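The structure appears right after this line, and notes come after that.
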């Protein structure tokens with residue numbers, strides 16, 4: 209199991225489009241992916257879960273990945289956040 | 231848990247017979263004070279000057295008696311006990327029956343930074359309501375991945391890996407006239423230690439669903455207000471999983487399986503998913519069977535009892551007729 213804290217850097221926060229990108233990326237991997245914010249832990253493969261986290265600008269989330277391809281999955285997710293979901 | 235402040239208490243969204251009708255009449259600066267205990271205190275003893283074991287961390291409720299005593303204290307100018315009262319970090323004082331505290335009490339509260347609230351409810355009714363509201367706020371919580379629907383009045387929690395068809399199953403159930411409580415992430419709360427209540431995690435995204443190929447849809451607008459519900463007790467858990475030919479599924483149904491969430495055991499069934507299997511109708515049947523069980527009728531057990539008594543009568547008949555019997 210690997211986990212990492214990431215901060216949301218795009219102004220709009222996680223709305224529908226970034227959420228779709230995250231889910232798309234998460235579904236490429238077999239590992240279980242979870243996002244956690246204020247004791248709220250949700251499945252990274254569900255779009256509604258990610259949107260309902262209510263992660264706005266500068267919020268910090270904890271990503272936890274568990275499974276066979278965990279390293280690669282974490283890397284890919286972190287990459288998405290660092291690219292600001294190709295916004296701005 | 232996040233901190234629950236007095237302001238959150240004022241903002242609590244409660245309906246009809248649960249409303250607290252609270253309003254703030256003084257000490258606004260103290261609205262940020264945190265309520266740490268889901269409990270009340272009637273400060274009768276304290277006002278008379280007895281401060282041992284004073285439960286100051288609780289919400290202080292002033293009913294008619296306390297209010298009249300306060301009035302007397304102020305008219306006789308014996309306010310030293312109140313100075314001590316406000317030296318404690320009290321979350322808030324609440325006056326019931328729409329009672330207005332004497333102005334000097336409000337001034338002292340203002341200085342002590344203690345919010346003063348007022349409600350039009352009588353003390354006993356108010357206590358009942360606020361205890362109920364607070365126990366729900368302070369209840370143990372857990373967010374899980376699943377879909378919660380109400381089928382024939384039974385709260386059915388559908389669990390399963392992503393992509394197994396939870397949302398599609400729920401959609402078909404809604405189409406058949408059942409209700410959606412939450413899709414994708416369900417917040418479970420343990421109420422009274424033996425009830426599991428489920429609701430959506432976020433009001434903004436309430437009653438939306440994501441269906442692969444369609445995107446996000448609004449159930450409330452598509453199917454009407456009759457198709458949704460805010461919260462429901464979880465009474466049955468349905469686990470969907472891909473059909474596994476090596477696994478043995480329950481064929482008789484007399485074994486009682488349960489799953490435990492937050493210390494509450496809930497009856498559960500495992501349903502294998504395969505193309506051509508109509509999952510919604512199986513869930514409907516499971517819910518109806520659960521209702522029957524609640525009424526004390528267990529289909530599988532009843533069936534087995536009948537089989538047993540039939541076998542017994544058959545063998546009795548064989549003995550009686552000395553095996554020569556041909557009917």
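Residue numbers (the numbering used here), protein chains in the order written: chain X, 209 to 296; chain W, 231 to 557.
Glycine included, C-beta positions come from ideal geometry on N, C-alpha and C.
Keep in mind that this is a model prediction, so the values were computed, not measured.
Each of W:340, W:298 and W:294 was checked against the Cα of residue 349 of chain W, and the nearest Cα belongs to W:294. Residue range 466-472 is occupied by the beta strand (DSSP E) that includes residue 472 of chain W. With respect to residue 468 of chain W, residue 388 of chain W sits close: the two C-beta atoms are nearer than 9 Å. Residue environment for residue 238 of chain X: exposed (fewer than 16 other C-beta atoms within 10 angstroms of its C-beta). In this structure residue 263 of chain W is in contact with residue 235 of chain W, their Cβ atoms being roughly 6 Å apart against a cut-off of 8 Å.
Straight-line measurement puts the Cα of residue 298 of chain W at about 52 Å from the Cα of residue 377 of chain W. Residue 471 of chain W sits away from residue 511 of chain W, with the two beta carbons spaced by 9 Å or more. Residue 494 of chain W and residue 416 of chain W have their C-alpha atoms some 16 Å from each other.
The contact set of residue 224 of chain X on chain W, defined by CB atoms closer than 9 Å, consists of 445 and 446 in chain order. By the Cβ rule, the segment 324-335 of chain W counts as touching the segment 352-363 of chain W, because three or more pairs are nearer than 8 Å.
With the criterion set as a beta carbon lying under 8 Å from some beta carbon of chain X, the segment 468-479 of chain W has no members that meet it.
For a Cβ distance threshold of 7 Å, residue set 254, 256 and 257 of chain X lies close to residue 414 of chain W, ordered along the chain. The alpha-carbon separation between residue 334 of chain W and residue 247 of chain W amounts to approximately 34 Å. Note that the segment 252-269 of chain X touches the segment 219-236 of chain X; at least 3 beta-carbon pairs, one per stretch, sit closer than 8 Å.
For residue 241 of chain X, there is no enclosing alpha helix (DSSP H); the enclosing beta strand (DSSP E) has its first and last residue at 240-245. Rounded to the nearest angstrom, the Cβ distance from residue 496 of chain W to residue 399 of chain W is 18 Å, too far for a contact under 8 Å. Beta-bridge partners of residue 463 of chain W (DSSP): W:427. Among the CB atoms of chain X, one or more fall inside 9 Å of the CB of residue 439 of chain W. Residues of the segment 370-393 of chain W with a Cβ closer than 7 Å to any Cβ of chain X, in chain order: 373, 375 and 392.
Under the three-pair Cβ rule at 8 Å, the segment 418-430 of chain W counts as touching the segment 360-370 of chain W.
Annotation for residue 390 of chain W: no alpha helix (DSSP H) segment contains it, and DSSP assigns it neither H nor E. The beta carbons of residue 414 of chain W and residue 211 of chain X sit about 22 Å from each other, so the pair does not count as a contact at 8 Å. Relative to residue 507 of chain W, the option among W:473, W:390, W:523 and W:519 whose CA is nearest is W:473.
When secondary structure is reduced to three states using DSSP, residue 448 of chain W falls in the strand class. When 8 Å is used as the limit between beta carbons, residue 249 of chain X is near these residues of chain W: 373, in chain order. Residue pairing by DSSP places residue 412 of chain W opposite W:378 in a beta bridge. Under the Cβ criterion (8 Å, minimum of three pairs), the segment 210-229 of chain X counts as touching the segment 268-276 of chain X. Straight across, the Cα-Cα distance linking residue 286 of chain X with residue 397 of chain W is about 28 Å.
As the crow flies, the alpha-carbon of residue 281 of chain X is around 50 Å from that of residue 286 of chain W. Around the beta carbon of residue 219 of chain X, fewer than 16 other beta carbons sit within 10 angstroms, so the residue counts as exposed. Taking 8 Å as the upper bound for CB-CB distance, residue 365 of chain W and residue 270 of chain W are not in contact here, some 12 Å apart. Close to chain W, meaning a Cβ-Cβ distance shorter than 9 Å, are the following residues of the segment 262-295 of chain X: 262. It is roughly 47 Å from the alpha-carbon of residue 405 of chain W to the alpha-carbon of residue 543 of chain W. Listed along chain X, the residues sitting closer than 9 Å to residue 232 of chain W by beta-carbon distance are 246 and 247.
Using a Cβ distance threshold of 9 Å, residue 465 of chain W and residue 411 of chain W do not count as a contacting pair.
In the DSSP assignment, the residues bridged to residue 502 of chain W are W:471.
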